[in-house]
Amino acid sequence: MLNEIRFFDSLTHIKEDESWYKTDKVASYSRLKGYYQDGHVEKAIIAAMPDDDYDYIGNTVKKELPFCSLVFSVKKEWLQRSDCEIKRLLLNLKKQYGAVGIKVHPRFSSIDIESPQLQRVAKLAASVGLIVYVCTILRKPVGPVKNTVHYHIAKLCELCPGTNFVFLHGGYTDLFATGEIIRDYPNAMLDLSFTFMRFRKSSLALDVGYLFETLDKKLTIGTDYPEYSPVELKEEVKKYILSRDDLCLTKEKLENIFFNNINNLVNNYE
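Taking my numbering, the leading residue of the sequence shown gets 3, the next gets one more, and so forth.
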């Protein structure tokens, strides 16, 4: 059944030098383009990282990857600017590259999830019509945090009710509790990229299955390319989720998770 489902990859990356930090993975745009040409992915979000050349990322997407939508990470030097300056910067990314959102990456952007700076940036992004992606892997140098990840997510949703959030990696090891919290906030979506694949052989896979069944209208999933490929992701979902006899996973639910939810959100910002 999964092979019949359209796939909007909620999180991918490309790098100008094709390297991917401390791994041997290849973050080339040509490989991502190949997934599209082979029918493995229909749409994708490309999230530019804080150390990227945004002109390279933006121009490459416009020229080579028109099926992709762009999200730009907040650079730590932006935080020294005034509200008006940040808004102008964000508006320029929208105008020049068609950006649909920003990404707050606590470990790379030096923004503590508890910080008023995060609330400030989220509100400014919303004011110019951008989605806010927030990475929820709070390891060094930003972790550990004083409270649980789901507590901070709930507070952020409450403090920024006009901002549409996509919480990347689902709260990471706090996945189950984060899923329960997300139910209460209409401005929040939970992304399962990386976390499912990293922990698929652990009990967290049971939590993912439960969320697939009960939270399908609030979930999205991606490859975190180049961490994984669409084929790898789908095969592991089949193995660890769809193989379970105790779950009621309809085609409609899978369509919501793999395509509809993120597609409907992004369509409102393009």
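Every residue gets a Cβ at the ideal spot worked out from N, C-alpha and C, and that includes glycine.
Just so it is clear, the structure is predicted and the values come from calculations on it, not from any experiment.
Three-state class that DSSP yields for residue i in the structure shown
{"i": "I223", "result": "coil"}
{"i": "D193", "result": "strand"}
{"i": "T14", "result": "strand"}
{"i": "I115", "result": "coil"}
{"i": "A49", "result": "strand"}
{"i": "K77", "result": "coil"}
{"i": "S32", "result": "helix"}
{"i": "S71", "result": "strand"}
{"i": "L158", "result": "helix"}
{"i": "K203", "result": "coil"}
{"i": "F261", "result": "helix"}
{"i": "L170", "result": "strand"}
{"i": "V268", "result": "helix"}
{"i": "C137", "result": "strand"}
{"i": "K105", "result": "strand"}
{"i": "N94", "result": "helix"}
{"i": "E254", "result": "helix"}
{"i": "I59", "result": "helix"}
{"i": "K240", "result": "helix"}
{"i": "F9", "result": "coil"}
{"i": "K148", "result": "coil"}
Cα-Cα separation, residue i to residue j
{"i": "N149", "j": "G173", "result": "12 Å"}
{"i": "L235", "j": "T225", "result": "6 Å"}
{"i": "E229", "j": "K27", "result": "7 Å"}
{"i": "Y153", "j": "D55", "result": "34 Å"}
{"i": "L34", "j": "Q121", "result": "33 Å"}
{"i": "E238", "j": "R90", "result": "42 Å"}
{"i": "Q82", "j": "K105", "result": "17 Å"}
{"i": "T222", "j": "E254", "result": "13 Å"}
{"i": "L126", "j": "I88", "result": "8 Å"}
Test item: CB-CB of residue i and residue j under 8 Å
{"i": "T138", "j": "F169", "result": "yes"}
{"i": "E44", "j": "F74", "result": "no"}
{"i": "I276", "j": "D218", "result": "Outside the shown range of the chain (3 to 272) lies residue 276, about which nothing can therefore be said."}
{"i": "L92", "j": "V136", "result": "no"}
{"i": "I78", "j": "S112", "result": "It should be noted that the sequence gives Lys, not Ile, for residue 78. Yes; because the gap between Cβ atoms is below 8 Å, this pair is in contact."}
{"i": "L158", "j": "V151", "result": "no"}
{"i": "Y38", "j": "L72", "result": "no"}
{"i": "P232", "j": "H42", "result": "yes"}
{"i": "F110", "j": "P52", "result": "yes"}
{"i": "A190", "j": "G164", "result": "no"}
{"i": "L249", "j": "F214", "result": "yes"}
{"i": "Y227", "j": "H15", "result": "yes"}
Rounded distance between the beta-carbons of residue j and residue i, thought under 8 Å
{"i": "L192", "j": "T175", "result": "14 Å between Cβ atoms; not a contact."}
{"i": "G211", "j": "R185", "result": "About 17 Å; that fails the 8 Å criterion."}
{"i": "E257", "j": "I47", "result": "E257 to I47, Cβ: 18 Å. No contact."}
{"i": "V2", "j": "V268", "result": "Since the first residue shown for the chain is 3 and the last is 272, residue 2 is missing from the structure and cannot be characterised."}
{"i": "L13", "j": "A49", "result": "6 Å"}
{"i": "H76", "j": "V147", "result": "Inspection of the sequence shows that residue 76 is occupied by Val rather than by His. Not quite, the Cβ-Cβ distance comes to about 18 Å (not below 8 Å), so this is no contact."}
{"i": "L177", "j": "L206", "result": "6 Å"}
{"i": "Y58", "j": "E18", "result": "5 Å"}
{"i": "L4", "j": "K240", "result": "6 Å"}
Residue-chain proximity (residue i, chain D), Cβ-Cβ < 8 Å
{"i": "D57", "result": "As a matter of chain content, chain D is missing from the structure shown, which is built from one protein chain."}
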